[in-house]
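Asks: First residue of the sequence shown: 84, per the working numbering; consecutive thereafter.
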Amino acid sequence: MLPTSISTRVIAAFGTVVTVVLLLLAAGWMVAGDVRHANQSVRLLSERLRVEDAQDRAQQQLRLAIGEVTRAAEQPRQVTPAQWTRVEQTLAAFRASYRAPAAAGPARDAAAIAFARLAANLIVDARAEPRQIAHDMPQFLAALRLLERERAEARRRLVDRIDAAVARSSRELYASISRIVFGVLGVLLLLLASFLWLRRQVLHPIVAIADQLRQFGTADGEMRVPGCDRADEIGDLARGLGEYRDAVEQRRRAERRIEFLAHHDMLTSLPNRLLFEERLAQDLARATRTGQRVAVFAIDLDDFKSVNDRFGHAGGDRALNHAAELLTGCVRSGDMVARLGGDEFAIIQVAPDQPRAAEALLMRIFRACDATAGDEVPVQMSVGVALSGADQAREELYNLADMAMYRAKSEGRHTARFFDEALKEETRLRWRLSRDLEGAVERGEMSLVYQPMADARTLRVIGYEALLRWRHPELGDVRPDQFIPLAESSGRIDSLGLWVAEQAMAAARGWPDHAIVALNLSPVQFRQADLAADLLALAERHGLAPERLEFEVTESATLLGHRRDAVLEALRALQDRGARIVMDDFGTGYSSLGNLRDFRFDKLKVDRSFVSAMLDHAPSASIVRSIAALGESLGVPVTAEGVETEEQLALLRRWGFPQVQGYLLGRPERLETVLRSAAYAGMIA
Ligand code: C2E
Ligand code: CA
Ligand code: CA
Numbered sequence: 084m085l086p087t088s089i090s091t092r093v094i095a096a097f098g099t100v101v102t103v104v105l106l107l108l109a110a111g112w113m114v115a116g117d118v119r120h121a122n123q124s125v126r127l128l129s130e131r132l133r134v135e136d137a138q139d140r141a142q143q144q145l146r147l148a149i150g151e152v153t154r155a156a157e158q159p160r161q162v163t164p165a166q167w168t169r170v171e172q173t174l175a176a177f178r179a180s181y182r183a184p185a186a187a188g189p190a191r192d193a194a195a196i197a198f199a200r201l202a203a204n205l206i207v208d209a210r211a212e213p214r215q216i217a218h219d220m221p222q223f224l225a226a227l228r229l230l231e232r233e234r235a236e237a238r239r240r241l242v243d244r245i246d247a248a249v250a251r252s253s254r255e256l257y258a259s260i261s262r263i264v265f266g267v268l269g270v271l272l273l274l275l276a277s278f279l280w281l282r283r284q285v286l287h288p289i290v291a292i293a294d295q296l297r298q299f300g301t302a303d304g305e306m307r308v309p310g311c312d313r314a315d316e317i318g319d320l321a322r323g324l325g326e327y328r329d330a331v332e333q334r335r336r337a338e339r340r341i342e343f344l345a346h347h348d349m350l351t352s353l354p355n356r357l358l359f360e361e362r363l364a365q366d367l368a369r370a371t372r373t374g375q376r377v378a379v380f381a382i383d384l385d386d387f388k389s390v391n392d393r394f395g396h397a398g399g400d401r402a403l404n405h406a407a408e409l410l411t412g413c414v415r416s417g418d419m420v421a422r423l424g425g426d427e428f429a430i431i432q433v434a435p436d437q438p439r440a441a442e443a444l445l446m447r448i449f450r451a452c453d454a455t456a457g458d459e460v461p462v463q464m465s466v467g468v469a470l471s472g473a474d475q476a477r478e479e480l481y482n483l484a485d486m487a488m489y490r491a492k493s494e495g496r497h498t499a500r501f502f503d504e505a506l507k508e509e510t511r512l513r514w515r516l517s518r519d520l521e522g523a524v525e526r527g528e529m530s531l532v533y534q535p536m537a538d539a540r541t542l543r544v545i546g547y548e549a550l551l552r553w554r555h556p557e558l559g560d561v562r563p564d565q566f567i568p569l570a571e572s573s574g575r576i577d578s579l580g581l582w583v584a585e586q587a588m589a590a591a592r593g594w595p596d597h598a599i600v601a602l603n604l605s606p607v608q609f610r611q612a613d614l615a616a617d618l619l620a621l622a623e624r625h626g627l628a629p630e631r632l633e634f635e636v637t638e639s640a641t642l643l644g645h646r647r648d649a650v651l652e653a654l655r656a657l658q659d660r661g662a663r664i665v666m667d668d669f670g671t672g673y674s675s676l677g678n679l680r681d682f683r684f685d686k687l688k689v690d691r692s693f694v695s696a697m698l699d700h701a702p703s704a705s706i707v708r709s710i711a712a713l714g715e716s717l718g719v720p721v722t723a724e725g726v727e728t729e730e731q732l733a734l735l736r737r738w739g740f741p742q743v744q745g746y747l748l749g750r751p752e753r754l755e756t757v758l759r760s761a762a763y764a765g766m767i768a
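#1: Buried or exposed: which applies to S716, given that a residue is buried once 16 or more other Cβ atoms fall within 10 Å of its Cβ?
#2: Hey, how far is the Cα of S517 from the Cα of E528?
#3: Grab the span of the beta strand (DSSP E) containing G559 for me, first residue to last.
#4: For P629, which three-state DSSP category applies?
#5: Is E635 near ligand 2, in the sense that its beta carbon is under 7 Å from a heavy atom of that ligand?
#6: Identify whether A640 lies in helix, strand or coil by the three-state DSSP scheme.
#7: Out of P606, F669 and R552, which has the shortest C-alpha to C-alpha gap to L654?
#8: Tell me the DSSP secondary structure of R500 in three-state form.
#9: Excluding five sequence neighbours on each side, which residues of the same chain lie with their C-beta closer than 7 Å to the C-beta of L569?
#10: Hey, would you say the C-beta of P438 is under 7 Å away from at least one heavy atom of ligand 4?
#11: Pull the bridge partners of S572 from the DSSP assignment, please.
#12: If I follow the unbroken beta strand (DSSP E) through W553, where does it start and stop?
#13: Based on the DSSP secondary-structure assignment, which residues constitute the bridge partners of K688?
#14: Determine which residues share a DSSP beta bridge with G424 and list them.
#15: Give the C-beta separation of A121 and A248 to the nearest angstrom, bearing in mind that I take them to be a contact with Cβ-Cβ under 8 Å.
#16: If you run the structure through DSSP and keep just helix, strand and coil, what is V650?
#17: Whole angstroms is fine: what's the gap from E585's alpha carbon to S695's?
#18: Just to confirm, is the Cβ distance from A628 to G661 under 8 Å?
#19: Do the stretch 524-541 and the stretch 741-750 meet, that is, are 3 or more Cβ pairs less than 8 Å apart?
#20: Between the C-alpha atoms of E635 and H497, what's the straight-line distance to the nearest angstrom?
#21: On a CA-only basis, which of R691, A421, R169 and L256 is nearest V114? Give me that one, please.
#22: What whole-angstrom Cβ distance do L687 and M666 have, given they're in contact under 8 Å?
#23: Considering only the beta carbon of each residue, do A406 and L353 sit closer than 8 Å?
#24: Shortest alpha-carbon distance to D685 belongs to which of H700, L676, G310 and I664?
#25: Let me check you understand the geometry: is the CB of E571 closer than 7 Å to at least one non-hydrogen atom of ligand 2?
#26: Excluding sequence positions up to five away, which residues of its chain have a Cβ less than 6 Å from the Cβ of A640?
#27: Which residues bound the beta strand (DSSP E) around M697?
#28: Is it right to say P535 is buried, meaning 16 or more other beta carbons lie within 10 angstroms of its own, or is it exposed?
#29: Give the DSSP-derived three-state secondary structure of L384 in the structure shown.
#30: Report the CB separation of G318 from G310 in whole angstroms; it is logged as a contact under 8 Å.
#31: If you drop the 5 nearest sequence neighbours on each side, which residues of the same chain put their C-beta closer than 7 Å to that of L748?
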């Protein structure tokens, strides 16, 4: 153990106290002895004094008795025998008083013996011869005076001795008592000093450590346990606690990190979907109590995919971080910005003055976006906002915001849209259509129309594209743009698609052998592993050569995205058997050229939006023209859809389009109408 250890010091202090107490006890014991001794000598002297008194009395009585008998004998009067006996007894008592053990003093003894002897002579003479009395008396009186002088002297000395003894004893007592008092004071001081030392060296540090311990759970960052540089047990304790604290702190940090990772997005460090949903539930619950309204913003970056394609993953990450910073810079401290995944962000904003607060936030966001216009990658986003309210608090607020966001996207991107009554109505309609889609085929509400595809030069019909129609019993005709996505999201597109193929192939069976039938395939349908086999089997059942089939697919991200290999495999299976694969809506996708590299399409169909715009919109015109050139250089025929005017047709012809489709050539019609049409007759001829 260290020499300065607390236990050593405590033991030393304790030892000192015990020693001092023992010394005090010894001193007390000695004092008691002294006092006892002094008392004893005083008692002895007092005893002597008592003896003196007794001797005094005996002498007095003897003198009185002698005086009585001598006066009686001289008168002469008769002295009774009883008087003689009494005077002899008095003499005997006097002699006895000198024989007591405490009686001492040779001088007085001699004087007393002489006095007793003369007294005895006097008594004998007075009894025998009273006249002798006068002769004896002077001697007797002289002896008496001598004895009295001696006695007075002795008594004075005795009193002196008693006084001296008493004085000495009280002096000693005083000295001893003061020694004891000082000793006790010393012990008290020592105890006080020990206590103060203990308080300073042990209690204070322990209290300080306890204080620090109490902050364990709350304090952040570095924390020094006081006293850890001490060499004693407190130091040990402090160091031990410091190590323990470090371990706890480390663990807490690890836990916080895990907690953080579970609730945050790694790339942007923003809260993730989990945290977003937890917070939204809390805020909604609180808002109903406090009467505030929660605004949820669903945010989607515009053209993020093209950023990724152009700048790679790292560029995409930079863009996401940039957007995250931009949004974080726009919100107020109580709002939450979250990244829900991909290029989707969300904001929760709780405020009493909605929708004003939400509108203000939108203004800030778009102003911040506009400030990035000059950047290499400007931040652009589509935002949907939904507000909690009495009637929609129970609906999933985020889904509403998401719908509003999609609406914003479809309204031209880089804009915002609130979820409002119109959108609510639309949502209701979507839900209803989605529900009513079930069994629509069986109820006979579905039918096909056929739109001719023609040779651009001769305008002869070469085949028909089958397009699906739905006549809803109450809502009337529903556009495919409206219900196809619903069929896709509910999975009904699989059976619906096969039903369309079946109908179209059955119809095409009656057409001339060279007439083509074009079918639209939804990307979702490719999830069926045997789609190609099913389609080929259908064709075989209807006796259609696969060469008469064209399958139109859009180049949407889903189609040639993550399930790319499976999709390409199905397309190749169809192609291998002689069917043609057409890229529909060409030019609207993001990576058209990449798709062209990886798959040899048999035909490209320029999207009708370019065709309809090309006469008044120079960029659209150059896109159409470039696609024509591209097809020519790749050896892939290019077709244009949505041709409505002669001018459009003339231009397309000039640019070398071999095929065209559009209202100018023919609208989509029911089979009976098609079969009766002049165009159909022209095809047969
Ligand atoms: P799409 O494949 O691009 O079909 C062409 C659309 O353009 C058709 O609309 C057609 O009526 C319209 N159209 C044709 N010529 C003109 C024109 O000159 N001017 C204008 N303004 N429009 C013209 P529709 O029938 O409403 O179909 C819309 C979309 O629905 C189709 O686009 C296709 O993607 C999808 N679709 C239709 N039927 C089916 C189907 O059976 N299966 C699948 N998967 N999708 C289908
Ligand atoms: Ca099509
Ligand atoms: Ca199209």
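Backbone N, C-alpha and C define an ideal beta-carbon position, used for all residues, glycine too.
Replies: On the basis of the coordinates in this document:
#1: exposed
#2: 14 Å
#3: G559 to V561
#4: helix
#5: yes
#6: Any reading at A640 is ruled out, since the residue's pLDDT is 48, under 50, leaving its predicted position unreliable.
#7: Checked all of P606, F669 and R552; the closest Cα to L654 is P606.
#8: strand
#9: R513, L516, S517 and L520
#10: By its list of ligands, the structure shown excludes ligand 4, since it contains just ligand 1, ligand 2 and ligand 3.
#11: Paired residue(s): none; S572 is not in a bridge.
#12: V544 to H555
#13: Per DSSP, the beta bridge partners of K688 are T722.
#14: E427
#15: 6 Å
#16: helix
#17: Rounded to the nearest whole angstrom, the C-alpha separation of E585 and S695 is 32 Å.
#18: yes
#19: yes
#20: 30 Å
#21: Of the listed residues, the one whose Cα sits closest to V114 is L256.
#22: 5 Å
#23: no
#24: Ranking the options by Cα distance to D685, first place goes to I664.
#25: no
#26: Unreliable placement is indicated for A640, whose pLDDT of 48 sits below 50; the coordinate value is still reported in the next sentence. Cβ neighbours of A640 beyond the five flanking positions: none.
#27: Segment: none, M697 is in no beta strand (DSSP E) and carries neither H nor E.
#28: buried
#29: strand
#30: 6 Å
#31: P535, A537, L542 and V726
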